[in-house]
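S.K.:
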Amino acid sequence: MVSPHEETREAVGVPVPGEWSIQDIARLAGTTSRTLRHYGDKGLLEPSRIGRNGYRFYDQAALVRLQRILLLRELGLGLPAIAEVLGGQRDGDAALRVHLEWLEREQDRIGRQIASVRTTLHKREGGEQLMAEEMFDGFDHTRYEQEVTERWGREAYAKGDRWWRSLSDAEKKAVQQEQIDIATEFALAGQAGEPHDGEHAQALTRRLHDWLARSSTVTKGYFVGLGELYVADPRYGGNFDQHAQGTSEFIRDAMKVYAERHLSD
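See below:
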C-alpha cells in the first residue's frame, strides 16, 4: 500500500523508494536523458511511471532492461536488432546469464592483453628476446566485428565467431599456421612468374577457399570482394605482402578466376 507521504512525493514528481528519475539513471548509466527518452520512443525502455509534471521514473525492472540494452549495444547491435532480441527473450535471468558469460570471456581476453603488453614492455626494457605467442595472446578477430557485420551481415560474423571460439588453443595455432603456409606458397608462386589462372595457383586458391569455408559461407561475391580487400586494405593484405610485394594482387586475381569457375551467389 502506498503511504500518504509517497503519494505526495508522486504528486510533486519526486522518486519514491525503489525507483529513480531519468536524470539519475542517465548519470548512473553514463548516458543522457535524451537517449533514454529515445529508447522510450522506440519502445525499448518504457518508464515505469510518469509523474503529473511529466517527469519519467524507472523501477528495478526497467533498470534490468536498460542494462540488457546497453550490453547488446556493446555487442554492436542496432536498435531494431535489440528490439528483436528483447522481444524474443522472455526469460530475463537467462538472458543476463548469457551476457554475463560474454562479459567474463571479454574480461579474460582483456586480462591476457594486459599481461601480453606488460610482458613485451618488460622484455624490451631488459633486452630479452620477444616471443610472438606472448605478444599476441588475447588479440583476435573480434576487433573486426563491426566491419564484418557491416560488409556481410551479423550472422556472417556470429558464425565465424562461434567457430573460432569452439577451437582449442592448438587448433587455433594450426589454423593460423595454415594461413601463413598458404600466403608463403602464393608469394613463391608469384615470384616464380606462375600465372594466376594456372594449375598451381588455382590449387592454392582452392586451399584458401577451403580455409575460409570452415568459418563462413563462401559465395562468389564474398570471395571476389575479399580478394579486393586484400589489395585495397593493408590490414587484410599486409599478411600476404610481407612475404613479397605484389602477392595480394596475385591472390586477388587468382580468387577472381576461381570464383568464376567454381562459385555462385
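First residue of the sequence shown? That's 1 in my numbering, and the numbers climb one at a time after it. Positions of the beta carbon are idealized from the N, C-alpha and C atoms, including for glycine.
#1: Go to residue 56, then tell me how far its beta strand (DSSP E) extends in each direction, as first and last residue.
#2: From residue 119 to residue 111, what distance separates their C-alpha atoms?
#3: May I ask which residues mark the beginning and end of the alpha helix (DSSP H) holding residue 185?
#4: At which residues does the beta strand (DSSP E) containing residue 248 begin and terminate?
#5: Considering only the alpha carbon of each residue, which of 122, 245, 221 lies closest to residue 264?
#6: Are there 16 or more other CB atoms within 10 angstroms of the CB of residue 19, so buried, or fewer, so exposed?
#7: How would you call residue 30, buried or exposed, if buried means at least 16 neighbouring beta carbons within 10 angstroms?
#8: Pull the bridge partners of residue 50 from the DSSP assignment, please.
#9: Since I believe residue 205 is in contact with residue 255 (beta carbons under 8 Å), could you give me their beta-carbon distance rounded to a whole number of angstroms?
#10: Just reading off the beta strand (DSSP E) that residue 216 is part of, what are its end residues?
#11: Sorted by chain position, which residues of the same chain lie with C-beta nearer than 7 Å to residue 32's C-beta, five sequence neighbours on each side aside?
#12: Classify residue 194 as helix, strand or coil using the three-state DSSP reduction.
#13: Which residue marks the beginning of the alpha helix (DSSP H) containing residue 28, and which one marks its end?
#14: For residue 132, name the three-state secondary structure that DSSP assigns.
#15: Taking the alpha helix (DSSP H) that residue 36 belongs to, which residues open and close that run?
#16: Short of 6 Å in beta carbon distance, which residues of its chain neighbour residue 80, apart from the five on each side in sequence? Order them along the chain.
#17: Which residue from 246, 125, 69 puts its Cα closest to that of residue 187?
#18: Inspect the beta-carbon positions of residue 209 and residue 223 and report whether they are closer than 8 Å.
#19: Near residue 73, which residues of its chain fall below 8 Å by C-beta distance, leaving aside the five closest residues on each side in sequence?
#20: Name, in chain order, the residues that DSSP records as bridge partners for residue 199.
#21: To the nearest angstrom, how far is the alpha carbon of residue 198 from that of residue 171?
M.R.: Quick answer:
#1: 56-59
#2: 12 Å
#3: 169-191
#4: For residue 248, there is no enclosing beta strand (DSSP E); the enclosing alpha helix (DSSP H) covers residues 247-262.
#5: 221
#6: buried
#7: exposed
#8: 56
#9: 6 Å
#10: Counting along the chain, residue 216 falls outside any beta strand (DSSP E), and DSSP gives it neither H nor E.
#11: Answer for residue 32: 26, listed in chain order.
#12: coil
#13: 22-29
#14: With a pLDDT of 48 at residue 132, under the threshold of 50, the modelled position of that residue is not reliable, and the figure given next carries that caveat. Three-state DSSP puts residue 132 in a helix.
#15: The continuous alpha helix (DSSP H) containing residue 36 extends over residues 33-41.
#16: none
#17: 246
#18: yes
#19: 82
#20: According to DSSP, residue 199 bridges with nothing at all.
#21: C-alpha of residue 198 to C-alpha of residue 171: approximately 31 Å in a straight line.
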